[in-house]
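Enquirer:
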Amino acid sequence: MKLQKPNLQGKKIGNLSLDAKITERDKKLLMVLGVAIIIAISYYVLYLPMSASLESLTADKEVMKQKVAAAKSDLENEQSIVKAYETQLANGMEASESFFPGVYPYKEQYVLLVEKIVKGSGATLTNLEFSDPEVSGVVMPADNRYLLPAYSLQQEADTINQAYSDQPAKEIPSATGTSQSTATTGEEKTLPADAVLRLPTTIEFTGSYAQYRTVVSSLEKLNRTIALEAVEAKEEETGLKFTLTVSFYAVEKVDNGEDSFNAWTIKGSYGKSDPFN
């Protein structure tokens, strides 16, 4: 028994005709429906993910802005701290100008200082030399002991003289050692056990004897410990030439020269006011 394919041509199924054609209106509706489907797919597949990504990037941007603001604030605080430090350092340097500067370039400061003193006296500065700074203990004055004169017992005299000549000047040790002082004579002075910085300096200038006295007086008036170790004066064709060997110490002149150890015991003037005239 063969099954035959039913012939439905021209027949109706319910109210629909199988021979009906798609009208222009239907095509337009289908096109609108297709566009709506594409828009919906684009919305869910493209727009929503991109929108979420944009929101995430916007949030990251805000976080980064906060970090940048915090970094700027820290930088401003750091700059403020550095500025405050530099201000305090400058104030400290200015306050310590009357003492020996402990930082470079201290030699430049002494060049200006010595030049100001010499020019202020009316003399002419011809040379200024600095030796290497030294750090050592404060040297105590030696005992007033003299070599015995030679006599018939020459060997014994040489032994005694050698014993006294071998004794060096007493020295206070540096701050790392133990403190000690000597009190063998009334002329000796007990000094604190501190290591000090010493700057040996040679000052050469030309001028009159009165100008030389003004230079020395100005150096002695500085608020720091200064040792005038040697003075050399020569009369030349152009005038007097003075060479001063001076040591600047990194300690304050606490007693302003009023202590008996530093006081000049001779009062008044003696001899000629100008030894070269």
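Residue numbering for the sequence shown follows our numbering, beginning at 2 and increasing consecutively. All C-beta atoms, glycine included, are put in the ideal place defined by N, C-alpha and C.
1) Suppose the cutoff is 8 Å on Cβ atoms and the five residues either side in sequence are ignored; what does the same chain contact list for glycine 240 look like?
2) Check the C-beta distance from glutamate 233 over to threonine 244 and give it rounded, since I have them as a contact under 8 Å.
3) For asparagine 128, which residues from the same chain have a beta carbon less than 6 Å from its beta carbon, with the 5 sequence-adjacent residues on both sides left out?
4) Reducing DSSP to helix, strand and coil, say where glycine 123 ends up.
5) Would you mind giving the Cβ-Cβ distance between leucine 198 and alanine 124, rounded to the nearest angstrom? I have them listed as a contact below 8 Å.
6) With H, G and I counted as helix, E and B as strand and the rest as coil, what does DSSP make of glutamate 238?
7) Measure the C-alpha to C-alpha separation of isoleucine 40 and leucine 58 and round it to an integer number of angstroms.
8) Using the Cα positions of serine 218 and glutamate 109, report the straight-line distance between them to the nearest angstrom.
9) State the CB to CB distance for the pair alanine 231 and serine 248, rounded to an integer number of angstroms; the pair is presumed to be in contact (CB under 8 Å).
10) Output the boundary residues of the alpha helix (DSSP H) element that contains arginine 225.
11) Could you tell me which of Gln89, Leu200, Glu238, Thr24 sits nearest to arginine 225, measuring between CA atoms?
12) Taking the CB atoms as reference points, tell me whether leucine 126 and glutamate 116 lie closer together than 9 Å.
13) Taking DSSP as the reference, what is the three-state secondary structure of isoleucine 204?
14) With DSSP collapsed to three states, give me the class of threonine 59.
15) According to DSSP, which residues form a beta bridge with asparagine 128?
16) Please say whether threonine 203 and serine 122 have beta carbons closer to each other than 9 Å?
17) For leucine 220 and isoleucine 118, which I take to be in contact (beta-carbon distance under 8 Å), what is that distance rounded to the nearest angstrom?
Expert: According to the structure shown:
1) Translated into positions along the sequence shown, residue 240 becomes position 239. Excluding the 5 residues flanking it on each side, glycine 240 has same chain C-beta neighbours closer than 8 Å at Thr207, Gly208, Ser209, in chain order.
2) In the sequence shown, the residue the question calls residue 233 occupies position 232. In the sequence shown, the residue the question calls residue 244 occupies position 243. Right, the Cβ-Cβ distance comes to about 4 Å (below 8 Å), so this counts as a contact.
3) Position 127 of the sequence shown, counted from the first residue, corresponds to residue 128. For asparagine 128, where only same-chain residues beyond five positions count, the Cβ hits under 6 Å are Glu205.
4) The residue labelled residue 123 in the question sits at position 122 within the sequence shown. Note: glycine 123 maps to coil in three-state DSSP.
5) Start at 1 with the first residue of the sequence shown, and residue 198 comes out as number 197. Start at 1 with the first residue of the sequence shown, and residue 124 comes out as number 123. Not confirmed; about 28 Å, so no contact.
6) One-based indexing of the sequence shown puts residue 238 at position 237. Coil, per DSSP.
7) Position 39 of the sequence shown holds residue 40. Position 57 of the sequence shown holds residue 58. Between isoleucine 40 and leucine 58, the C-alpha separation is close to 25 Å.
8) The count along the sequence shown starts at 1 and reaches residue 218 at position 217. The count along the sequence shown starts at 1 and reaches residue 109 at position 108. Those two C-alpha atoms are separated by around 22 Å.
9) The count along the sequence shown starts at 1 and reaches residue 231 at position 230. The count along the sequence shown starts at 1 and reaches residue 248 at position 247. Incorrect: roughly 10 Å between the Cβ atoms, too far for contact.
10) Working through the sequence shown from its first residue, we reach residue 225 at position 224. First-last for arginine 225: undefined, no H or E at that position.
11) For the purposes of this step, residue 225 is taken as the residue at position 224 of the sequence shown. For the residues Gln89, Leu200, Glu238, Thr24, the minimum Cα distance to arginine 225 belongs to Leu200.
12) As a working note, residue 126 is residue 125 in the sequence shown. As a working note, residue 116 is residue 115 in the sequence shown. Going by C-beta atoms, leucine 126 is nearer than 9 Å to glutamate 116.
13) Indexing the sequence shown from 1 puts residue 204 at position 203. Looking at isoleucine 204 - three-state DSSP - the assignment turns out to be strand.
14) Working through the sequence shown from its first residue, we reach residue 59 at position 58. Correct three-state label for threonine 59: helix.
15) Counting from one through the sequence shown, the residue named residue 128 turns up at place 127. When beta bridges are read from the DSSP output, asparagine 128 appears opposite Glu205.
16) Sequence index remark: in the sequence shown, residue 122 carries index 121 (1-based). Sequence index remark: in the sequence shown, residue 203 carries index 202 (1-based). Result no, Cβ atoms of serine 122 and threonine 203 do not sit closer than 9 Å.
17) By one-based count along the sequence shown, residue 220 stands at place 219. By one-based count along the sequence shown, residue 118 stands at place 117. Confirmed, about 6 Å.
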